[in-house]
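**Q** Numbering (my numbering) for the sequence shown: 110 to 330. Heads up, the beta-carbon is just placed ideally off N, CA and C, and yes, glycines get one too. Computed from a predicted structure; not experimentally measured.
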Amino acid sequence: MRDQIKALAKDLLIQRGYRGVSFGDLASALNTTRANIHYHFGNKQKLVSEVLNDYIKATLAEQKHVWGDPGARLVDRIGRTVEYSHRRYAKYNPPGKSGHPWSLIARMRQDSDALTPKDRASLRRFGEELHGLIVAAIEDAKARGEFVATMPVQDVALQLVGVANSAGPITQDAGNFDRLEQLYMGFARIIAQAFGTEKAAAAPKYHRRDHSEAHTHRTLP
110 MRDQIKALAK DLLIQRGYRG VSFGDLASAL NTTRANIHYH FGNKQKLVSE
160 VLNDYIKATL AEQKHVWGDP GARLVDRIGR TVEYSHRRYA KYNPPGKSGH
210 PWSLIARMRQ DSDALTPKDR ASLRRFGEEL HGLIVAAIED AKARGEFVAT
260 MPVQDVALQL VGVANSAGPI TQDAGNFDRL EQLYMGFARI IAQAFGTEKA
310 AAAPKYHRRD HSEAHTHRTL P
């Protein structure tokens, strides 16, 4: 029951935000009592804290897998970030329904005034760790000769982190996933053309499913 409560709470928090979720909502959906939910988590803040920190931990693990792959070119890591983001997006935006929230981190940042100081600090640390992962990926790409030595690592990282941290709002504002994909892959083209060597010239290949769930093969022209 505890895991069921957390799974439902995560989905509702993403869809409705902090203030749009109550123990009554959870109890009704799970056919249980509010007292049972209080038994497992005490109060709403404790439940949200546990759900959020589990989500942050899982997201960082995925990001480390994407950005920390020593055998992948930087443009390919960017493509894999698109794949990863689209998987999460598609869960909350099935065919015929688009532009809905899909990131708990983005949603809780919007509701940060309702969070505990500890949870706000967890969100800040996530941003810092993501920045570190992206910087390391760029430096690795430079060291392997994908880019010229003069490529400004921090400036490039700042742009990528900015897109990553705004991924949820970008898709909501656009009403679809395409705008986020265009931002990522357009930036990949810019850095490849401005700073890339022959090692970065080949088009990256990545896959994501479109709304018809057909596997779409995409390359960077």
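(1) Can you find the residues in the same chain that come closer than 7 Å, C-beta to C-beta, to Leu135, ignoring five residues on each side of it along the sequence?
(2) Since Phe132 is in the alpha helix (DSSP H), which residue starts that stretch and which ends it?
(3) To which residues of the same chain is Ser158 closer than 6 Å at the C-beta, ignoring the five residues directly before and after it?
(4) Pull up the CB-CB distance for Asp220 and Gly295, whole angstroms please, since I reckon it's below 8 Å.
(5) Please list, in chain order, all residues of the same chain as Phe132 whose beta carbon is under 6 Å from its beta carbon, the five residues on each side excluded.
(6) Which value, in whole angstroms, describes the spacing of the CA atoms of Leu79 and His240?
(7) In chain order, what residues of the same chain have a beta carbon less than 7 Å from the beta carbon of Pro226, not counting five sequence neighbours either side?
(8) Gly129 by DSSP, collapsed to three states: which one?
(9) Could one say the Cβ of Lys155 lies closer than 8 Å to chain B's Cβ atoms, at least one of them?
(10) Counting only runs of 4+ residues fully inside the segment 216-257, write out the alpha helix (DSSP H) ranges in chain order.
(11) On the DSSP bridge assignment, give the partners of Gly305 in chain order.
(12) Apart from the five residues just before and just after Ser194, which ones in its own chain have a Cβ nearer than 6 Å to its Cβ?
(13) Here's the rule I'm using: 16 or more other beta-carbon atoms within 10 Å means buried, otherwise exposed. How should Arg218 be labelled?
(14) Closest to Asp178 by CA distance: which of Asp120, Arg253, Thr259, Ala246 is it?
(15) When the Cα atoms are used, what is the spatial distance from Leu156 to Gly271?
(16) By a C-beta neighbour count over all protein chains shown, 10 Å radius and 16 as the cutoff for buried, is Arg216 buried or exposed?
(17) Hey, out of Ala303, Met110, Tyr293, Gly180, whose CA is closest to Thr141's CA?
(18) With Ile123 and Ile165 assumed to form a contact (beta carbons below 8 Å), what rounded beta-carbon distance in angstroms separates them?
(19) Going by C-alpha distance, which of Ala252, Thr190, Gly236, Pro204 is nearest Tyr293?
(20) Apply the 10 Å Cβ neighbour rule to Asp264 and answer buried if 16 or more other Cβ atoms are within range, or exposed otherwise.
(21) Rounded to whole angstroms, what is the Cα-Cα separation between Gln281 and Tyr198?
**A** Concretely, from the data shown:
(1) Taken in chain order, the residues that qualify are Ile114, Leu117, Ala118, Ile146.
(2) Counting along the chain, the alpha helix (DSSP H) containing Phe132 begins and ends at 132-139.
(3) Only residues of its own chain outside the window of five on either side were considered, and among them Asp228 have a CB closer than 6 Å to the CB of Ser158, listed in chain order.
(4) With 8 Å as the limit, Asp220 and Gly295 do not qualify as a contact, their Cβ atoms being about 30 Å apart.
(5) Setting aside the 5 residues that flank it on each side, Phe132 is surrounded in the same chain by Arg143, Ile146, each with a C-beta closer than 6 Å to its C-beta; the list follows chain order.
(6) Residue coverage of the chain in this structure runs from 110 to 330, which leaves residue 79 outside it and unanswerable.
(7) The answer is none, since no qualifying residue turns up.
(8) Of the three classes helix, strand and coil, the one that applies to Gly129 here is helix, per DSSP.
(9) Chain labels in this structure do not include chain B; a single protein chain is all it has.
(10) If we require 4 residues or more, the alpha helix (DSSP H) runs fully inside the segment 216-257 come out as 226-252.
(11) Gly305 pairs with Phe256.
(12) Excluding sequence positions up to five before and after Ser194, its CB lies within less than 6 Å of the CB of Ala276, all in the same chain and listed in chain order.
(13) Buried: at least 16 other Cβ atoms inside 10 Å.
(14) Ranked by Cα distance from Asp178, the first of Asp120, Arg253, Thr259, Ala246 is Ala246.
(15) Computed Cα separation, rounded: 29 Å.
(16) Buried, since its Cβ has 16 or more Cβ neighbours within 10 Å.
(17) When C-alpha distances from Thr141 are compared across Ala303, Met110, Tyr293, Gly180, the shortest belongs to Met110.
(18) Contact flag wrong, Cβ pair sits at about 13 Å.
(19) Comparing Cα positions, the closest option is Thr190.
(20) Around the C-beta of Asp264, fewer than 16 other C-beta atoms lie within 10 Å, and the residue is accordingly described as exposed.
(21) Separation of Gln281 and Tyr198 (C-alpha to C-alpha, rounded to the nearest whole angstrom) is 10 Å.
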